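Structure first, then comments.
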Amino acid sequence: MKAKQFKKVLALVLALVMCLGVLTACGGGGGTGSTPPANDQQQPSGGGNDAPPPSVEPVDPSTLSGFNEAPFIASMGITTPVEDRLPVKDDILVETVMANGQPLSIGTYGGELKRSASTSVWTCGKPIEEGLFLFNSNAEVVPNVAKSWEISSDSTTYTIHLREGLKWSDGEPFTAEDCVWFYNTICLNNLDTKGVRNCHKDANGDPAVVEKVDDYTFTVKFGTPKYDFLETCEVDLKWHWSPKHVLENVANLMVEGKNDEALAEGKNITGMQFADVTALGKAIFYNFWCYPNIPTVNSFVISTESGKNDINGDYYEFIRNPYYWKVDAAGNQLPYIDKIIYTTVQNVSQDLMLLLDGTVDFMTVAMESIPTILESQTKININEWSGVDWGSAPHQLHINLNIADPQKHELYNNIDFRHGLSICVNRDEFAALASDGWQEGGQSAPQPGTQGYSEEWAKKWTEYDVAEAQRLFESAGLVKGADGFYTFADGSKFEFNIIAMADQGAAETYKILEPYFRAAGIKCTFRDYDRSYVDNEILSGGLEAILYPVTPIGDISIALKPNSMVPGAANNVAWYTTMTYDTASPELKQLMDLKSDLDKTADPDKRAEIAAKMLKLHEDNMWTLNYVAAAPVYHAVNARIQNFPDGLVWSDIYRDMGIAHAWCWYIQE
Amino acid sequence: MLKYIGKRLLMFIPTILIISILIFFIIQLPPGDYVTSYVAARAAEGETFTAEQIAELREHYGLDKPWYVQYVEWVGGIITKGDFGYSFEYGRDVWDVIMDRLGLTLGISLVIMIFQYGVSLPIGIYCANHQYSAGDYFWSFIGFIGTATPNFLLAVIVMYVIYLNTGTIYLGLFSTEMLQNGMRPEYIPEFLKRCLIPILVIGTSGTCGIIRTVRAQMLDEQTRQYTLTARAKGCSEKTITYKYCLRSALNPVVSGLAGALSSIFSGSTVSAIVMNLAIQGPVLLAALKSQDMYLAGTIVMIQAILVVIGTLLSDIALAWLDPRIRFSERG
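These protein sequence lines map, in sequence, to chains A and B. Number 606 in the numbering used here belongs to position 605 of the first sequence; there are no gaps in the numbering. Number 212 in the numbering used here belongs to position 162 of the second sequence; there are no gaps in the numbering.
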């Protein structure tokens, strides 16, 4: 009953959003800088927003008559006029639209954005992260810190142009030297523990050569053609800099192996004690935004005040960067909000309570929490985004196709077995039970609005048919034993052993799933384990099957981030675990071959074609299974927060909340 | 007496060593290690690691060595340098992490303990003196409820009721303003309000045990011959109750102090998580979950040491309190 009422409310809200969208709709969005190269995406778009974005003319910064700054700047002791803190006029980035193409409202200055936080560096990092480039919501690279770029005809040299006059948050000039030094000193010497990223490696795995041309230009040269540097740089690296004027000394000490002196210097800069140089390097060169006194070009910078500057503490805050280089269409220097404040909670479930009483301004919430939120005394808006997981992540079933046991290896790689497992479950009943009626049956397939979606795939193998499932099991080589359960052809016992991470709800899912498998003649076992055990099982390839895998399958683009979709691309994916080319089935070899073709292909159309073929292979083979369609990603946002975009896609490639461009948000009480 | 204490202190060293080995061994028991959980947690947020990077991390943290080598290095560091190791999760020295929360933990735990004894001793005495009266039933009922209801549930109920009535959720001891601006006189009323919830919630759990013990002991003592003699000689009821009976009745309560020392150090865990108290308990739980073993090991070891010290202290206190124990020791 409650679910029905909620669905009605949701339908009304969606209808209202659509009407508003239609009222303001027409034309396409704008952007600055040079035209980005065409890429191989099938233009994924946001989930809940089908209305074309209204036309917003890009604003030429040179036409702006003047610039304004936040009153808070004066309290920071900054006396330099705003014009002198911004880049040269032509190179200022003017924000006019949200990532979904909707126009931005001109905001008002001031206020604090309140968040609760675990001690995660990424929770506070992603929303304010600046990359050399950024993705728009069509997964196209757009200018950001780099204002433009050129690619040589053979795709071996990328020339990147930076914004002239852009400054670090301490007011020092940000130049090509910072970008070149970062690569040559930090990456090549692995001082940040991440070393040379894939985006900087050519087809032979050799590192690129990064050179300074002038103060605002640098080049990245590869030994072999590199077709996707811009995209992979945004995926693998994001930033391409480090403040040389602050960190040069400590980096040199680390390179020279003077560890004690490097640690002392690190403490001198940040005021924090690091246990060793590895921890120091990762902190100041990789998770730099979390450490005080390390300048950034982000919109907000962590406080330098003791008691407010430790992300492991109970309270910390990020303060506006007075040298931020983006303005709105009226010439107001961004961000609008003065501070992002974080109050640490011991348990993530407390976030919801804090959201309800207005102590926290926004968070991602589960569908079931929405009625509670709508009833709260604080006015909270629900924004619907799409996810990228194939079907509902908690209901994904990954079977290890690289299992060591030869009999099981053969069985699990047999498409009929997987087909049987898929259709022996009554999806509607299962989904209703497993999600308390919130979600519908589905399959492990891309969500509507994301790359590769087709209705056919979303419905593939979803017809409930036990007799057919049994026929398929037999065709896969199983034989029904006297007790009604299938055995291997040689009569040896077959048990389908599923595991899961404890406390994720998979045990309940299994209780609903198991009777279907049992009825079809598949004997299952289930155990849930502590996360570290599950991770070990995946890393060692010992796992057999998992419900709610640690890394669910699905992402914005199989080309940009193949981790969950192509064997060998990551080490924490349950369906292929430790698989290599040699241990892969012929179909999976095809998938891996296509991936290497993709790495060697320049032509955007051909790349799109290859990506489509890779997805088709997934559709044909259904290497992973799912029984429930994905739920949208819901963000509960306090109504006082303005310019929060609706209908985007929640993805790490888009830096999760990063694509919501928090520097454009403002507060209206 | 001194010999007795000396002997106990000597026993201290092997006990602690054995405990530390056990702790280290048990913390190592679950599969995986800190690197596994670290990589998994970061991977969930999109950070990627190559197999080489994972191996490097493991080598860097010394997790590639057998557990006994890690143990010897850890204990060696403690004995020779007073270095309790390094918390992987916090990226800082274990001792600093513990010290960060020690003040608040001790403060809260002590206040809660004072509350428990302050409330339950008078109630226990009252119940014994008014056996089977309405008051006796009432307080026993309240005490039982306090013990029977899990603290975390009570905490949630109390917080929910307050939220319904005020629209504010009192989560944690400090409001955002307090954390932002530091403690100011005008914040004290709100701070006290915030303190009241954990004190009531955690405090009530221990009261019942003490009430029942004191009540039973007092009833027992009241029928003893020395009490009857005192009463026959015309001693006032007040003197009988407080000077004679209560003194004997306190023995089991004082023995209970042995464990109290350790719980004062760590504070409660589950309730602290529910009420968002930044004390030691949640740190320990998180450290155990992420296999941040030097941090977890140090906290558990300090707890164990405190139990040993607590036992010693309570024995000494008992000897001081009860002449019979002193005399039997001499004999």
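Even for Gly, the Cβ is constructed at its ideal location relative to N, Cα and C. Note that this is a predicted model, so its numbers are computed, not measured.
Which of helix, strand or coil DSSP assigns to residue i
i, result
"V426(A)", "coil"
"Y84(B)", "helix"
"Y210(B)", "helix"
"G267(A)", "helix"
"K195(A)", "coil"
"C285(B)", "coil"
"A546(A)", "strand"
"V634(A)", "strand"
"S597(A)", "helix"
"T584(A)", "coil"
"F418(A)", "helix"
"R142(B)", "strand"
"W666(A)", "coil"
"P373(B)", "helix"
"H162(A)", "strand"
"R116(A)", "strand"
"N498(A)", "strand"
"H399(A)", "strand"
"D437(A)", "coil"
"R528(A)", "strand"
Proximal residues to residue i (C-beta, below 7 Å), its chain only, five neighbours per side dropped
i, result
"V210(A)", "K222"
"Y159(A)", "W150, I152, T220, V221 and F230"
"A459(A)", "G443, Q444 and A446"
"P407(A)", "none"
"T257(B)", "Q166, V169, S170, G193 and G196"
"A101(B)", "none"
"A470(A)", "G421, I424, C425 and A521"
"S313(B)", "S159"
"R641(A)", "I668, Q669 and E670"
Cβ-based neighbour list, residue i, same chain, cut-off 6 Å, excluding 5 preceding and 5 following
i, result
"K340(A)", "E113, E318 and I320"
"A284(A)", "Y292"
"L338(B)", "A346"
"D41(A)", "A caution first: D41(A) carries a pLDDT of 37, below 50, which makes its placement in the model too unreliable to give a value."
"S355(A)", "Correcting the residue identity first, residue 355(A) is Leu in this sequence and not Ser. Within the same chain, L355(A) has close Cβ partners S117 and V361."
Contact under 8 Å by Cβ, residue i with residue j
i, j, result
"N101(A)", "L649(A)", "yes"
"L479(A)", "H420(A)", "no"
"S318(B)", "L368(B)", "no"
"H399(A)", "T625(A)", "yes"
"P646(A)", "D390(A)", "no"
"K227(A)", "W182(A)", "no"
"L311(B)", "G360(B)", "yes"
"E522(A)", "Y487(A)", "The question names Glu, yet the displayed sequence has Gly at residue 522(A). Cβ distance < 8 Å, so G522(A) and Y487(A) count as in contact."
"F138(B)", "Y111(B)", "yes"
"A449(A)", "I74(A)", "Sequence check: residue 449(A) is Pro here, not Ala. Going by C-beta atoms, P449(A) is not nearer than 8 Å to I74(A)."
"Y511(A)", "F527(A)", "yes"
Cβ-Cβ separation, residue j to residue i (assumed contact under 8 Å), whole Å
i, j, result
"A637(A)", "F363(A)", "7 Å"
"T305(A)", "T226(B)", "Contact doesn't hold; Cβ gap of about 20 Å is too wide."
"V324(B)", "A205(B)", "5 Å"
"E130(A)", "K239(A)", "6 Å"
"N69(A)", "N333(A)", "5 Å"
"D216(A)", "A177(A)", "6 Å"
"Y237(B)", "M228(B)", "5 Å"
"F275(A)", "G127(B)", "Not confirmed; about 17 Å, so no contact."
"A432(A)", "E441(A)", "5 Å"
"L167(A)", "P88(A)", "5 Å"
"K90(A)", "P62(A)", "6 Å"
Residues of its chain near residue i, where Cβ-Cβ distance is below 8 Å and the 5 sequence neighbours each way are ignored
i, result
"E509(A)", "A435"
- Query: Listed in chain order, which residues of the region 209-232 of chain B have Cβ atoms closer than 8 Å to some Cβ of chain A?
  - Reply: Residues of the region 209-232 of chain B that bring their beta carbon within less than 8 Å of a beta carbon in chain A comprise M209, Y213, G217, T218, I219, L221, G222, F224, T226, L229, Q230 and G232, in sequence order.
- Any residues in the region 543-562 of chain A with a beta carbon nearer than 8 Å to a beta carbon of chain B? Which ones, in chain order? Listed by position, the residues of the region 543-562 of chain A near chain B (Cβ gap below 8 Å) are V551 and T552.
- Message: If the cut-off is 7 Å on Cβ atoms, which residues from the region 345-356 of chain A count as contacting chain B, listed in chain order?
- Response: Residues V346, Q347, N348, Q351, M354 and L355.
- What residues in the region 306-326 of chain B bring their beta carbon closer than 9 Å to a beta carbon of chain A? Correct list: A322, I323, V324, M325 and N326.
- Item | Contact residues within the region 123-145 of chain B, judged by C-beta distance below 8 Å to chain C | Among the protein chains in the structure shown, which are A and B, there is no chain C.
- Message: Against chain B, which members of the region 282-308 of chain A pass a CB distance test of less than 8 Å?
- Response: Cβ contacts with chain B: A284 and G308.
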